[in-house]
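**Student:**
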């Protein structure tokens, strides 16, 4: 707002609080301060996409804002700046008052209008479902084609990938296919020119990665990585403009297949959630009910999250539970219905598009054998592996990301991505299980040997075990380094593949032992004629356990696995492995990968699931009244308001009357709107902030306004909240957290006998919460603590042991 | 508390507010008033199961309650009277402060103790799962045996029911079985003496019903009906002592099989939820963390609800979603984990017990055919039927229940139940589908004809269609009259059977048409060699649609059906039918059967899913200050406190200081506790209610207490809430509703500048909400409205049409 920067001759006598440079930096709404420090530097050179028009109102138009005897002033929908937290309460309440107006006009016409209004949500989620399904099919098809084009092409139909090109003609055992020609065949007419093929393979990989990274870095920085952490934060009530914009969507849709095709060890699952949310956000712009209501938009995003996971895994119920368990802060039953609807539509569109030709979505495993009781030991081993791998992965990956952000690497992002793709493809070309498409590998690992030998997995040789272990370690190494590079892609599938390799190896070894010593007492329950160990199921459990270790989800994973296998038989093994993985993982540190990214990037996210204990009172965590800028309800003039808006960046101002009673709270953007609507008013004009009673009693005196044209009274009542949430200064911090969590308010006023004492924002709470585990977090990103513990990591031993015990609380 | 009834010479000069008879009845906490009017008369002759001991404290012991310089006074766990609402906030907060104390003592010993403490929840849900599984198996086996014993018995093993007696020897087609002998064979050695069999059948039916009803009426009145409405209310934060007690549990476990065996048209599903909750409640008594914390108990009940549905339908995920969608007011993710665990344990125990020998739980349907697009019309018809039947059922059943409560029928409950069983069995003996066990009928209706002809369902004759229609109408008629009779049992399965009959009939007719006119354009998509219409699937959809119409659930039903069929193929038909059923049902009136029962019985239940709009302000709905009894913080004496406790039944008293600032709120039971702990204190002793600051400043003056032994000062600070939730009198009622919903507080203090203006309880809100749809509810229970609409029901036409349109909002 350039307007506010015009220097004006300030009317000094109306200054109520001196604005010195010293108190300007520790003021109550530090949200604006984050702007500089919390974000990656070049990601945020964005301009407001919704400029607020400066109304050039005539005096006549302004009449609307004068006192008119009607006491029913309603706050409008809130407008939010970038990187600010939303006020759930106000957004939801503002809709309710809107409803009231409709109900008052009780005609059929109005009813029909209100229905169209109300059915908007269903229309939006319908379209999200359809579009998410289409995009998922597009991403799957193009990623598969790009991935295969590195090795050769299909001369009969160049646009077909290997699977479709070889449909029905492929040799099931050694996977040779004459219709697909590799590049050395094309150029040298010699299919066995391995070195040339390798060169082409690596070249394409690097090319795709460079292209993907270029798009991300130079066109839409927000489309990097999976975006799950940011969406979690957005769902928690934070504004990140353009993160869900059209540019991000388009770039992500193009660069995601490129990144996947380049062979970088990344998955598309988290990104599908981001894409679905982008679709949702763009659609809300065309529906009046959602356009300006950030709280309602969150409901749509929740449904979109469900659809994203739903198309990624082909698990509609799992998708909804993912949205409920992992993503959403606010998930009313109504949203659950819409999420289900959205999920199912998305899955059906995807099945209809049928990008996998006949296969059900992603992968499907069917086991008809039962598990044996002695296998519980293996399930525990898999769980422990999942937990340890998960926390190790989080630790190393977060450290790598922190390193990347603090060194020269942040200036050479495209080169970094290209190099990662280069080195990945150089190595993975020689290991068949690394070269394969990740979801294909998962599918193969999950398959039983009865269904045919795929890629030699059922051969009894040490070679397979070693190959699988190499794949596991290689993938783990590359994923840790790759997740965080400026390309789209998530860690769901990579972590699952790693776990699946481990599980399969364990299964193969156990199967071997059992067949070598069938009379060993442990194997008594095995049927002599049947395979005793279902190694495909072990792979599935491994995949679930590592996914659980990395993300710390439980129920959604169980349900996804249930939907994939279509049987309840393996629910118990799955729960054992997952619970073990979660417990072991939590013992080494709370929070999944996305939670850690939120911490790393300092997003203001208040975890609804966590029960925090700070042990302070409101007065200990509030920003004191003396550090605030307040508006005196009776003395404020237009000039003063302009000045406080101009001279600081605080997000809101409490309004007090002469006796210091709190009479309201006005946000920065509301104040801005109020001033914009009264542009032509003289700076000396008084502004009415009185509560309703005061104003109605003083409306008589206002009646004389028309006579004195020089000093006008401007009514600010439509622009501020006359009943902000206030608490006594002696309430506990836990109660305040509860208020933020459950009511979703943006700031809470602290009073003593209704007199202003201070103010608490979500950021104040978060600062206090962060202090609780700052030590642990510092240890992760590698910052050495200041206190004199001699051997840093060693000193954790007892503490870690205690943590293992503590986790049962969760 | 007899103690408080002892007349004492009241010290009149300390009376602050005159207690006249006129203001005694319209006082703020009307909860106690409900005691007389809202409940069925004889159901409530219960005594407090937890007598609060009257401590005979010596002066030395009382020292503990004096001011001791420590400012950290903590409220204890709240104690609640019967039929009072709980204070979620306080219960949850009191646990947090408990945690704080633990954390302060930071030793390994403490940690281990805290883990044992924390793992209590998992242990409880584990046991709930195990016991629910066992009880479900017991109920299933005994109900089946009782049901079969009406026709004959198994001479080889008298304790076997017909299915087990005839296992492997039964003729699959006409269901004859030589091992099972009927009663005329036993007595007359002639199996065909139909009349005698009929007499015995009817006699047993009446006998079982009488026994079941006797137990319910004379031993545990709470075990009547399904109990789902009450559990919903309890989960919403209401205390109904003994509703989940041991006596109720035992009686329900015995009388439920008797009721089912008597042939009354009732199901066991809702009752299983009640039984599981009873188990949960009894278990919580042995765990310190849950024993006294009513809010935490609700978390256990939520898990128990999930387990109940889970064993009833064999659908663990569906059970959790049922608990989430239908039952719980407060369902944090932590509770979801426990519910899942509980559900799975329950199902596995049940599968392990295997009461159905080989069959998976309840019924399982597998369809391998696809549905055709033209069938959407049928799905819509089924949905419309479900919706209309549902609302008709609710209307008639509620009217019947209201009639029963207001006439002589309430005095002849056992006779009524016996008569219902008599008349039901007299008629249903002649219709095979009515005589069959309900879940068996459902199973048969869901089956496809490829799996064999069961009970002639696959014969192509008009007779079957007519028989099914008779069954449908008969069951509908009897269920409407039976649900509400004093026996345990719910309406889930009966309403499903009715829908299944309808669906099957529709399927059979459509199949017939298709086979008669295969070339009709609509049937183009049918494969000539295959059956085109899957009439078993139609039955399933019908069952879901009527269940949806009666209960207004959606997602849980979809998931249950998904778990039953194990395929996603029929999700779309199911969603179409269910959504239609819900929309049509809602058009004729909001709320499922349980919601209406809650309305009928006037339980204080605030629906979390509903968005209410009252359009008033806090000051319009509050009870005014002048109608309240307040405690002046500085002047209150023991005598005065005893007096207000003795002379009225209000549930709480605001505490104000001299300037009328609100300094706290004390509940009736806390006041009682406080007085009991200071029994020996002189009535003239002053009570300290000052806020912490005041007290600490006045603690010096208290130091002199020891010298004057006559007038002691009693510190009441441990007994009251110094920071009750208070709001400005100008906030909207919608905001207040939000506070009640989300924070779960018990009462909200209304202030203006922190000075007491009034108080709002949940009941005040409910009264205002009830007014919104009182007209509709009156029409249901048959009360004629006072305003002069000429032809009552006809005038609804336009209104109903508008409602149909309005429902899209949901």
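Protein chains in written order, with UniProt numbering: chain A, 1 to 810; chain B, 1 to 810. Note that beta-carbon positions come from the ideal geometry of N, C-alpha and C, so glycine has one too. Note that the coordinates shown come from a computational prediction; the quantities given were computed from them, not determined experimentally.
Look up residue 412 (chain A) in the DSSP assignment and say whether it is helix, strand or coil.
**Tutor:** Taking the first chain and counting its residues from 1, one reaches residue 412 (chain A) at position 412. The answer is coil: DSSP assigns residue 412 (chain A) none of H, G, I, E or B.
**Student:** Using a Cβ-Cβ cut-off of 7 Å, state whether residue 438 (chain A) counts as contacting chain B.
**Tutor:** Here the question's residue 438 (chain A) lines up with position 438 in the first chain. So, not an interface residue.
**Student:** Do you know how far the Cα of residue 395 (chain A) is from the Cα of residue 498 (chain B)?
**Tutor:** On the second chain, position 498 is the one that residue 498 (chain B) refers to. On the first chain, position 395 is the one that residue 395 (chain A) refers to. Approximately 58 Å between the Cα atoms of the pair.
**Student:** Is the number of C-beta pairs between the region 293-303 of chain A and the region 319-332 of chain A that are closer than 8 Å three or more?
**Tutor:** Short answer: they touch.
**Student:** Short check: CB of residue 488 (chain A) to CB of residue 262 (chain A), under 7 Å?
**Tutor:** The residue you call residue 488 (chain A) lines up with position 488 of the first chain. The residue you call residue 262 (chain A) lines up with position 262 of the first chain. Cβ distance not < 7 Å, so residue 488 (chain A) and residue 262 (chain A) don't count as in contact.
**Student:** Determine, using beta carbons only, whether residue 577 (chain B) and residue 545 (chain B) come nearer to each other than 7 Å.
**Tutor:** The sequence position of residue 577 (chain B) within the second chain is 577, counting from 1. The sequence position of residue 545 (chain B) within the second chain is 545, counting from 1. Result yes, Cβ atoms of residue 577 (chain B) and residue 545 (chain B) sit closer than 7 Å.
**Student:** In angstroms, rounded to a whole number, what distance separates the CA positions of residue 231 (chain B) and residue 548 (chain B)?
**Tutor:** Start at 1 with the first residue of the second chain, and residue 231 (chain B) comes out as number 231. Start at 1 with the first residue of the second chain, and residue 548 (chain B) comes out as number 548. Near 19 Å, if we compare the C-alpha coordinates of residue 548 (chain B) and residue 231 (chain B).
**Student:** Of the choices A:743, A:410 and A:609, whose alpha-carbon is the least far from that of residue 331 (chain B)?
**Tutor:** Working through the second chain from its first residue, we reach residue 331 (chain B) at position 331. Among A:743, A:410 and A:609, the Cα nearest to that of residue 331 (chain B) belongs to A:609.
**Student:** How long is the line joining the alpha carbons of residue 462 (chain A) and residue 533 (chain A), rounded to whole angstroms?
**Tutor:** What you label residue 462 (chain A) is simply residue 462 of the first chain in a count that begins at 1. What you label residue 533 (chain A) is simply residue 533 of the first chain in a count that begins at 1. Roughly 18 Å separates the two Cα atoms.
**Student:** Beta-carbon of residue 125 (chain A) versus every beta-carbon of chain B: anything under 7 Å?
**Tutor:** Against the first chain, residue 125 (chain A) aligns to sequence position 125. Chain B, which has no Cβ nearer than 7 Å to the Cβ of residue 125 (chain A), makes this no.
**Student:** Could you work out which residue in A:455, A:500 and A:291 is closest to residue 469 (chain A) when comparing CA atoms only?
**Tutor:** Translated into the one-based positions of the first chain, residue 469 (chain A) becomes position 469. Ranking the options by Cα distance to residue 469 (chain A), first place goes to A:500.
**Student:** Count the other CB atoms within 10 Å of the CB of residue 145 (chain A); is the residue buried (16 or more) or exposed (fewer)?
**Tutor:** As a position in the first chain, residue 145 (chain A) is number 145, starting the count at 1. Per the 10 Å Cβ criterion, buried.
**Student:** Where residue 614 (chain B) and residue 740 (chain B) are concerned, what is the direct C-alpha to C-alpha distance, given to the nearest angstrom?
**Tutor:** Here residue 614 (chain B) refers to the residue found at position 614 of the second chain. Here residue 740 (chain B) refers to the residue found at position 740 of the second chain. Each residue's alpha carbon lies about 14 Å from the other.
**Student:** Report buried or exposed for residue 665 (chain A), applying the criterion of at least 16 other Cβ atoms within 10 angstroms of its Cβ.
**Tutor:** As a working note, residue 665 (chain A) is residue 665 in the first chain. The residue in question, residue 665 (chain A), is buried, as its Cβ has 16 or more Cβ neighbours within 10 Å.
**Student:** Going along the chain, which residues of its own chain have a beta-carbon closer than 8 Å to the beta-carbon of residue 751 (chain A), five neighbours each way excluded?
**Tutor:** Within the first chain, residue 751 (chain A) is the residue found at index 751, counting from 1. Contacts found: 662, 726, 727, 728, 729 and 757.
**Student:** Would you list the residues sitting across from residue 726 (chain A) in a DSSP beta bridge?
**Tutor:** Within the first chain, numbered from 1, the residue matching residue 726 (chain A) stands at position 726. DSSP lists A:749 as partners of residue 726 (chain A).
**Student:** Got a sec? Which residues, its chain only, sit under 6 Å from residue 143 (chain A) by beta carbon, not counting five neighbours each side?
**Tutor:** In the first chain, counting from the first residue as 1, residue 143 (chain A) sits at position 143. The residues are 257, 260 and 261.
**Student:** Using a Cβ-Cβ cut-off of 7 Å, state whether residue 527 (chain A) counts as contacting chain B.
**Tutor:** Numbered from its first residue, the first chain carries residue 527 (chain A) at position 527. Answer no: the Cβ-Cβ gap between residue 527 (chain A) and chain B never drops below 7 Å.
**Student:** Below 7 Å between beta carbons is the criterion; list the residues of the region 656-674 of chain B that meet it against any residue of chain A, in chain order.
**Tutor:** Listed in sequence order: 661.
**Student:** Threshold first: 4 residues or longer. Then list the alpha helix (DSSP H) segments lying entirely within the region 428-506 of chain B, N to C.
**Tutor:** You should have 432-435, 438-446 and 462-482.
**Student:** Is the shortest distance between the beta-carbon of residue 325 (chain B) and the beta-carbons of chain A less than 7 Å?
**Tutor:** Taking the second chain and counting its residues from 1, the one referred to as residue 325 (chain B) is at position 325. For residue 325 (chain B), the answer is yes, since a Cβ of chain A falls inside 7 Å of its Cβ.
**Student:** If distances are taken between C-alpha atoms only, which option among B:314, B:531 and B:471 comes closest to residue 370 (chain B)?
**Tutor:** Within the second chain, numbered from 1, the residue matching residue 370 (chain B) stands at position 370. Per the Cα distances, B:531.
**Student:** Could you please give me the residues that DSSP links to residue 267 (chain A) through a beta bridge?
**Tutor:** Numbered from 1 along the first chain, position 267 holds the residue referred to as residue 267 (chain A). Note: residue 267 (chain A) sits in a beta bridge opposite A:490.
**Student:** Listing by chain order, which chain A residues have their CB less than 8 Å from the CB of residue 332 (chain B)?
**Tutor:** Position 332 of the second chain, counted from the first residue, corresponds to residue 332 (chain B). Result: 608 and 609.
**Student:** For the region 727-749 of chain A, enumerate the residues whose C-beta is nearer than 8 Å to any C-beta of chain B, in chain order.
**Tutor:** So the list reads 727, 728, 730, 731, 732, 734, 735, 738, 739, 742 and 743, given in the order they occur along the chain.
**Student:** How long is the line joining the alpha carbons of residue 781 (chain A) and residue 133 (chain B), rounded to whole angstroms?
**Tutor:** Within the first chain, the letter at position 781 stands for residue 781 (chain A). Within the second chain, the letter at position 133 stands for residue 133 (chain B). If I take the Cα positions, the gap works out to 48 Å.
**Student:** Would you say residue 753 (chain B) faces chain A, with C-beta separation under 7 Å as the test?
**Tutor:** Position 753 of the second chain, counted from the start, is the residue given in the question as residue 753 (chain B). Yes, residue 753 (chain B) lies at the interface with chain A (some Cβ there is under 7 Å from its Cβ).
**Student:** Given that residue 336 (chain B) touches chain A, what residues does it touch there, using C-beta distances under 8 Å?
**Tutor:** In the second chain, counting from the first residue as 1, residue 336 (chain B) sits at position 336. Result: 324, 325 and 555.
**Student:** Closest by CA to residue 535 (chain A), which one among A:512, A:352, A:168 and A:676?
**Tutor:** On the first chain, residue 535 (chain A) is found 535 positions in, with the first residue counted as 1. With distances taken between Cα atoms, residue 535 (chain A) lies closest to A:512.
**Student:** In or out: residue 654 (chain B) buried (at least 16 other Cβ within 10 Å) or exposed?
**Tutor:** Along the second chain, one-based indexing puts residue 654 (chain B) at 654. Residue 654 (chain B) should be labelled buried.
**Student:** Going straight from the alpha carbon of residue 181 (chain A) to that of residue 507 (chain A), what length do you get?
**Tutor:** As a first step, residue 181 (chain A) must be located in the first chain, where it is residue number 181. As a first step, residue 507 (chain A) must be located in the first chain, where it is residue number 507. When rounded, the distance between both Cα atoms is 36 Å.
**Student:** With a threshold of 8 Å, are at least 3 pairs of Cβ atoms found where one atom belongs to the region 383-394 of chain A and the other to the region 577-586 of chain A?
**Tutor:** They touch, by the three-pair rule.
**Student:** In this structure, what does DSSP give as the bridge partners for residue 653 (chain A)?
**Tutor:** Indexing the first chain from 1 puts residue 653 (chain A) at position 653. Its beta-bridge partners are A:666.
**Student:** For a test of the three-state rule: what should DSSP assign to residue 884 (chain A), helix, strand or coil?
**Tutor:** The requested residue 884 (chain A) does not occur in the structure, where chain A is confined to residues 1 to 810.
**Student:** Thinking residue 525 (chain A) and residue 373 (chain A) are a contact (beta carbons under 8 Å), I'd like their distance in whole angstroms, please.
**Tutor:** For the purposes of this step, residue 525 (chain A) is identified with residue 525 of the first chain, where counting begins at 1. For the purposes of this step, residue 373 (chain A) is identified with residue 373 of the first chain, where counting begins at 1. Confirmed, about 7 Å.
**Student:** Where does residue 424 (chain A) fall in DSSP's three states?
**Tutor:** Here residue 424 (chain A) is taken as the residue at index 424 of the first chain, counted from 1. Reduced to three states, the DSSP call for residue 424 (chain A) is helix.
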